[in-house]
Each structure stands twice: as C-alpha cells, then as structure tokens.
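Residue numbers (this note's numbering): -5 to 306.
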C-alpha cells in the first residue's frame, strides 16, 4: 500500500492532495499542463442550479501575504456541469468532490440530488461559507442551527457522502463543526477565506468592486492550522484542510494539526504545477523523516497533549 494513499468517506485517494474548489475550475486548463491522474482528488468549482456570472470587476487584488477575491460563485450552472464538465473529468481516474452552492435550502437540495447521481462524483462539498455573495453562502455557515438544518437536508438528498465547508468568519468554529457533524456530515472542509478589504490610495475607494473579498494564501495558514487543531479535537469525522498550502512541509503541518487530506488553492495561480510537485516532494520528505504512512501524522500535535478547554 502506498505511503500516501488515503481512504475517506466517498474519496479513495492515491495521495492526500487535491486542488481546492474555485482555484482549478473544472481542470481543463490544467489538463494541458500535466496528467490529472496524479491528483488524489479534484474539488470542482462551486456549482449552482442556474448559471452565475459572478460579481462586477475588479474582483481580485493581490496582498503581501496572498490574494483577495470576490468572484461571486461564477459558474456555468448545474446542467452544463453535468453534461459538459463532469463527462470531461470522467476521462481521469480521480474521485470528484462536487462543491455546491445556493441561495436557499431548496437550491442546495436540488443541486445535491442531481450532481450526486453523476457517475464520477463520489462526494459533495457543501459550500456554506462563501463570503462574496449577498444571499446564501456564508449566511448558512455562521449559525449552528441553520448550518445543521441545511446539512441534514442535503445529506438526505445526496447519494454520496457530504463534506461541509466551514467559514472562519465566526466567533467559534467548533460550534458549527459539532452541529453539522451531529446533523450527519461525513466530513469537513476548512477553512474558506477570511473576509478582507483593500483601499486604493489614488481613488481612495475599495480596490474590489464588491468592496470586500475573501483573503486566501499564506497569510491565512496559521489561522487554518489553529482552527483545524481545535475542531479535530471536537469531532470524529475527517477534515480536509486548506489555506496557504504550497509545499510538502505545509501538508505535514496540516496533518499534525488534525487534517486527513488537504486542498491546494491560491498556490495554483502562482505555480500551476504545484500539486504534482507537492506530491513528489511528499514522497521525498516522508522518506527523509522515516514516516511509514501519512495518516500516522493525523492529529499527532495534540494527541499526546490534554487540552481542557477543548475537551467539552
């Protein structure tokens, strides 16, 4: 058995690396650069029932530690994803994590019902954490009761396991994590972007047309590590970690914090080959550190320590 193989609900992964939703489209551009079969899984762009054109431009801005974006869930809509994008990805032997979004519960349920029937969709990522849309998104992810109710509804509609993508823009992310686990979630994805803003000195106006956007990249990695460290001690379902990952060392840190797989986001825009490069680096660093299997690291940073505040 490979030292990198990971078995999660709905995701039989040859390695723990997947591109994060929203940072890889549907893989077409990257398929021209390398063989997508190298990836452990693919988290596709968020899909809504109807086609979305997203927010007005400009909607992306660089920051010293990453990127600010307010794309607004631009996507071709459920019908096009099922009939065009997913058949393209079926050419590859890679499990698909289908990120779904909506403005109300019924939207999420309809998308979950249909996309979960696609032959190569093996799990759903329930997006309750997008900070860049006026309706839906993060409004579902900041209240434990609302998040749990949506999770339960989508879980009942889906034919595949459901991972809930959590927002860091809350006072206590562990409350949300526990609530969605109790509602039937099979796993968690965390974290989504942190809400941020930049001001242009010349115009004295926000750089992004949406005014605010989601901050991603290396700047948010310590926040993500802390939240995964805390959440993984409160839940028994697996966590897909993300936020600023760009090296094999980052992956090991996420596993030590409590993640069972990782998603690479903003780094894909800097280096489109980053995912296969990390996979190759992982083999080397695990040999150097004499790690028998990547899963041996899950939560090792806290399993030997007792944290009274987290043992509620």
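All C-beta atoms, glycine included, are put in the ideal place defined by N, C-alpha and C.
Predicted model only: the values in this text are computed from it and were never measured.
- Task: Measure the alpha-carbon distance for residue 2 versus residue 278 and round it to whole angstroms.
- Result: Answer to the nearest angstrom: the Cα atoms are 24 Å apart.
- Should residue 138 go down as buried or exposed, given a rule of 16 or more other Cβ atoms within 10 Å for buried? Burial call: buried.
- Whole-angstrom C-beta distance between residue 9 and residue 27, which should lie under 8 Å: Between residue 9 and residue 27 the Cβ distance is about 18 Å, and since that is not below 8 Å, they are no contact.
- Task: Classify residue 194 as helix, strand or coil using the three-state DSSP reduction.
- Result: Strand at residue 194.
- Query: Across which residues does DSSP place residue 235 in a beta bridge pair?
  - Reply: Answer is 184 and 256, bridged to residue 235.
- Message: For residue 247, tell me which candidate among 205, 292 and 57 has the shortest Cα-Cα distance.
- Response: When each option's Cα is compared against that of residue 247, the closest is 292.
- Query: Can you tell which of -4, 107, 6 and 53 has its C-alpha closest to the C-alpha of residue 43?
  - Reply: The shortest Cα separation from residue 43 among -4, 107, 6 and 53 belongs to 107.
- Query: Buried or exposed: residue 22, going by 16 or more other Cβ atoms within 10 Å of its Cβ?
  - Reply: That one is exposed.
- In the DSSP assignment, what are the bridge partners of residue 210? Secondary-structure assignment with DSSP links residue 210 through a beta bridge to 61.
- Extent of the continuous beta strand (DSSP E) to which residue 0 belongs: Residues 0 to 2.
- Using 8 Å as the threshold, is the stretch 44 to 61 in touch with the stretch 69 to 79, meaning 3 or more CB pairs across them? The stretch 44 to 61, when compared against the stretch 69 to 79, does touch it at the 8 Å Cβ threshold.
- Task: Would you please state the rounded distance, in angstroms, between the beta carbons of residue 95 and residue 62? I believe it to be under 8 Å.
- Result: 20 Å between Cβ atoms; not a contact.
- Buried or exposed (CB count within 10 angstroms, at least 16 for buried), residue 267: Exposed.
- Query: How big is the Cα-Cα spacing for residue 179 and residue 231?
  - Reply: Distance between the alpha carbons of residue 179 and residue 231 is about 8 Å.
- Message: Less than 9 Å between the C-beta atoms of residue 234 and residue 12, yes or no?
- Response: In contact: residue 234 and residue 12 (Cβ atoms closer than 9 Å).
- Task: Report all residues from its chain with a CB closer than 7 Å to the CB of residue 274; omit the five preceding and five following residues, and keep chain order.
- Result: Taken in chain order, the list of residues that qualify is empty.
- Message: Can you tell me whether residue 222 is buried or exposed? The criterion is at least 16 other CB atoms within 10 Å of its CB, across all chains shown.
- Response: Burial call: buried.
- Looking only at its own chain, which residues have a Cβ that is under 8 Å from the Cβ of residue 167, when we skip the five neighbours before and after it? 160, 161, 184, 185, 221, 224 and 225, listed in sequence order.
- Item | Close-in-space but distant-in-sequence residues of the same chain around residue 52 (CB under 8 Å, 5 per side omitted) | Around residue 52, the same chain offers 201, 202 and 203 as residues with beta carbons nearer than 8 Å, after the five sequence neighbours per side are excluded.
- Query: Would you say residue 60 and residue 209 are within 9 Å of each other, going by their C-beta atoms?
  - Reply: The answer is yes: Cβ separation under 9 Å.
- Alpha carbon to alpha carbon, what distance is there between residue 261 and residue 240? Between residue 240 and residue 261, the alpha-carbon positions lie close to 6 Å from each other.
- Kindly provide the ranges of any beta strand (DSSP E) runs that are 3 or more residues long and lie completely inside the stretch 122 to 181, ordered along the chain. Qualifying beta strand (DSSP E) stretches, in chain order: 156 to 159.
- Would you mind giving the Cβ-Cβ distance between residue 154 and residue 115, rounded to the nearest angstrom? I have them listed as a contact below 8 Å. Contact between residue 154 and residue 115 holds: CB atoms are separated by about 6 Å, below the 8 Å threshold.
- In whole angstroms, what separates the C-alpha of residue 150 from that of residue 100? The straight-line gap from Cα to Cα measures roughly 12 Å.
- Item | Beta-bridge pairing of residue 241 - partner residues as DSSP gives them | Listed as beta-bridge partners of residue 241 by DSSP are no residues whatsoever.
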